[in-house]
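K.L.:
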Amino acid sequence: MIYDIYIDDKEVTHGNLHLKRITEYLNFDGFSNFVETGTYKGGGVKWALNNNFTKVNSTELNEGLYNESSKLFEDNINIIIHNKDTVEFLTEITTTLKEKTVFFLDAHISGSDSSHNKNHPNPAIIECKILSEDFYDINECIIIIDDARIFDDNFKNDMKKQFDSKGLKCVYLDDTIIFCNEKYLK
Ligand SMILES: C[S@@+](CC[C@H](N)C(=O)[O-])C[C@H]1O[C@@H](n2cnc3c(N)ncnc32)[C@H](O)[C@@H]1O
Numbered sequence: 029m030i031y032d033i034y035i036d037d038k039e040v041t042h043g044n045l046h047l048k049r050i051t052e053y054l055n056f057d058g059f060s061n062f063v064e065t066g067t068y069k070g071g072g073v074k075w076a077l078n079n080n081f082t083k084v085n086s087t088e089l090n091e092g093l094y095n096e097s098s099k100l101f102e103d104n105i106n107i108i109i110h111n112k113d114t115v116e117f118l119t120e121i122t123t124t125l126k127e128k129t130v131f132f133l134d135a136h137i138s139g140s141d142s143s144h145n146k147n148h149p150n151p152a153i154i155e156c157k158i159l160s161e162d163f164y165d166i167n168e169c170i171i172i173i174d175d176a177r178i179f180d181d182n183f184k185n186d187m188k189k190q191f192d193s194k195g196l197k198c199v200y201l202d203d204t205i206i207f208c209n210e211k212y213l214k
């Protein structure tokens with residue numbers, strides 16, 4: 029069994045419904061910092077704004093999509109859209125973090141209007157490895173990995189291993205995999 033907790037609503041499909049029920053199960057009190065990999069058209073950023081996050085950093089590899097999102101959020105000084113590969117972005121941003129952070133890992137190969145890095149088309153394992161290194165108290169972070177269906181069980185187990193020693197719970201919720209301290213579960 030990969031997951032410690034499994035919550036599945038067959039009615040919920042992938043896409044922007046991914047974060048729909050997450051506030052029913054997770055307690056985001058005290059979290060104001062949202063870090064996303066894979067901006068695409070800004071769906072995750074909009075979710076963060078609608079859920080009271082006041083500091084948002086998101087990175088998008090595709091230059092056209094990056095330009096689109098930068099323009100979309102240019103009036104909000106609390107939102108920074110980056111045009112970097114997720115590995116470079118996460119490595120840099122984790123050195124500056126000093127507060128409770130929600131990480132939304134969603135940078136992976138997808139539709140033809142987007143991009144991916146051929147060296148790591150599905151970088152979730154590398155992203156988890158970066159986050160599991162001691163940059164800040166991982167117990168004060170919530171890590172949400174979108175599109176669980178695209179990862180096989182070996183891949184998921186490898187992700188889980190990164191956080192097992194830190195005591196984080198592994199939760200499946202409507203096609204997302206969540207790693208967090210159980211104090212953040214409702
Ligand atoms: C599934 S979409 C993201 C959807 C978005 N998070 C949302 O909630 O609406 C994946 C995005 O990740 C980007 N991407 C893929 N590989 C990447 C990488 N290595 N670094 C940064 N962005 C990447 C793609 O160009 C694409 O726009």
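Converting from the sequence shown to this note's numbering requires adding 28 to each position, the first position being numbered 1.
Note that beta-carbon positions come from the ideal geometry of N, C-alpha and C, so glycine has one too.
Just so it is clear, the structure is predicted and the values come from calculations on it, not from any experiment.
1. Would the stretch 172-179 count as touching the stretch 107-124 if we require 3 or more Cβ pairs under 8 Å?
2. Leaving out five residues before and five after W75 in sequence, what residues of the same chain have Cβ atoms less than 7 Å from its Cβ?
3. Return yes when the Cβ of F132 is within less than 8 Å of the Cβ of G72, no when it is not.
4. At which residues does the beta strand (DSSP E) containing Y212 begin and terminate?
5. Taking DSSP's pairing of strands, which residues face N87 in a bridge?
6. Expressed to the nearest angstrom, what Euclidean distance is found between the alpha-carbon atoms of K194 and D186?
7. Is Y5 near ligand 1, in the sense that its beta carbon is under 7 Å from a heavy atom of that ligand?
8. Out of L77, F191, D32, state which residue places its alpha-carbon closest to the alpha-carbon of I105.
9. According to the Cβ coordinates, are F81 and F117 closer than 8 Å?
P.N.:
Working from what's here:
1. No, they do not touch.
2. Numbered from 1 along the sequence shown, position 47 holds the residue referred to as residue 75. Excluding positions up to five away in sequence, the list reads L47.
3. The residue given as residue 72 occupies position 44 in the sequence shown. The residue given as residue 132 occupies position 104 in the sequence shown. Result yes, Cβ atoms of G72 and F132 sit closer than 8 Å.
4. Taking the first residue of the sequence shown as position 1, residue 212 is located at position 184. The continuous stretches of beta strand (DSSP E) do not include Y212, and DSSP gives it neither H nor E.
5. As a first step, residue 87 is located in the sequence shown; it is residue number 59 there, counting from the start. Sequence check: residue 87 is Thr here, not Asn. Checking the DSSP bridge columns, you'll see T87 partnered with T65, H110.
6. Position 166 of the sequence shown, counted from the start, is the residue given in the question as residue 194. Position 158 of the sequence shown, counted from the start, is the residue given in the question as residue 186. K194 and D186: Cα-Cα distance of roughly 14 Å.
7. As displayed, the chain neither begins before 29 nor continues past 214, which places residue 5 out of reach and without an answer.
8. Reading the sequence shown from its first residue, position 77 is the one you call residue 105. Selected option, being the one with the closest Cα: L77.
9. Start at 1 with the first residue of the sequence shown, and residue 81 comes out as number 53. Start at 1 with the first residue of the sequence shown, and residue 117 comes out as number 89. Contact annotation: F81 and F117 have beta-carbon atoms that are not nearer than 8 Å.
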